[in-house]
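**Student:** Every letter in the sequence shown is one number past the one before it in this note's numbering, and letter 50, counting from 1, is 41.
Think of the CB as a built atom: it goes at the ideal place given N, C-alpha and C, for glycine as much as any other residue.
Please find one structure pasted underneath; my questions will follow.
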Amino acid sequence: MDNYNTIAIGKQIWMDANLNVSQFRNGDKIPQVKINEHWKREGDEGRPACCYYDNDPSNGEKYGGLYNWYAVNDPRGLAPLGWHIPSDEEWTQLETFLDIDHAESMMKSAEGWEEGGNGNNESCFNALPAGYRYYYGSTYIGKCGIWWSSTECYEVSAWNRFLNYNKRNLSRGYIFRGKGLSVRCIKD
């Protein structure tokens, strides 16, 4: 796929959907890991991996893939040509432009979030609650969306951004690199 739907937010151009690729930019396959013990091993050993929520490819069509940080930061390139994974600073620029106090509602999709957690998607970011993957499997679809940054934090973590169905803010946090999170790309 060479064409991506985009949105302009401030001076940044973002993809309007979560990334859903099965190959690195150089054509190498990204290992799709379905077994929990294998997912744990890949993360513990610092190797790239991807999956779909509940190992169901139809979830990838809607929510995008879930990637560990080692896939995000692999030198073969996870992002398509002309794109990159946003740094922590680029996420901060997005938050600043949207106004951190209002970013959550403006970024969230207008449907799909549990218990009244939908946003107004005013920014057209269309953040979906794709959940995430950890050692024991996928969890929290409908309840949260978490996106990687390319920026490391401590020895085994990286920065991310997090939206939750029952919270009214976009949160910045760090998380173990072996978890499977969503990815949004930003134009070079």
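#1: Any idea what DSSP makes of Phe167, helix, strand or coil?
#2: The alpha helix (DSSP H) with Ala94 in it runs from where to where?
#3: For Asn50, tell me which candidate among Trp60, Ser173 and Ser140 has the shortest Cα-Cα distance.
#4: Once the 5 residues before and after Arg159 are set aside, which same chain residues still bring their CB inside 8 Å of it?
#5: Would you mind reading off the limits of the beta strand (DSSP E) that contains Trp150?
#6: Our contact map puts Ser141 next to Val24 with C-beta atoms below 8 Å; I'd like the distance itself, whole angstroms only.
#7: DSSP three-state label for Trp138, please.
#8: Which stretch, first to last residue, makes up the alpha helix (DSSP H) that contains Gly73?
#9: Looking only at its chain, what residues have a beta carbon closer than 7 Å to the beta carbon of Met(-8), apart from the 5 residues adjacent to it on each side?
#10: What does the alpha-carbon distance come out to for the pair Met6 and His29?
#11: Using a 10 Å radius around the Cβ and a threshold of 16 neighbouring Cβ atoms, would you call Gly164 buried or exposed?
#12: Beta carbon of Asn155, beta carbon of Cys135: below 8 Å?
#13: Taking only three categories from DSSP, how would you classify Gly51?
#14: Where Phe167 and Asn109 are concerned, what is the direct C-alpha to C-alpha distance, given to the nearest angstrom?
**Tutor:** In brief:
#1: Here Phe167 sits in strand by DSSP.
#2: Ala94 to Met98
#3: Ser173
#4: Glu95 and Ser96
#5: Ser148 to Asn155
#6: With 8 Å as the limit, Ser141 and Val24 do not qualify as a contact, their Cβ atoms being about 21 Å apart.
#7: strand
#8: Premise fails: Gly73 is in no alpha helix (DSSP H) and is neither H nor E.
#9: Annotation note: pLDDT 45 at Met(-8) (below 50); position unreliable, coordinate value reported separately. Excluding positions up to five away in sequence, the list is empty.
#10: 30 Å
#11: exposed
#12: The answer is yes: Cβ separation under 8 Å.
#13: helix
#14: C-alpha separation (whole angstroms): 27 Å.
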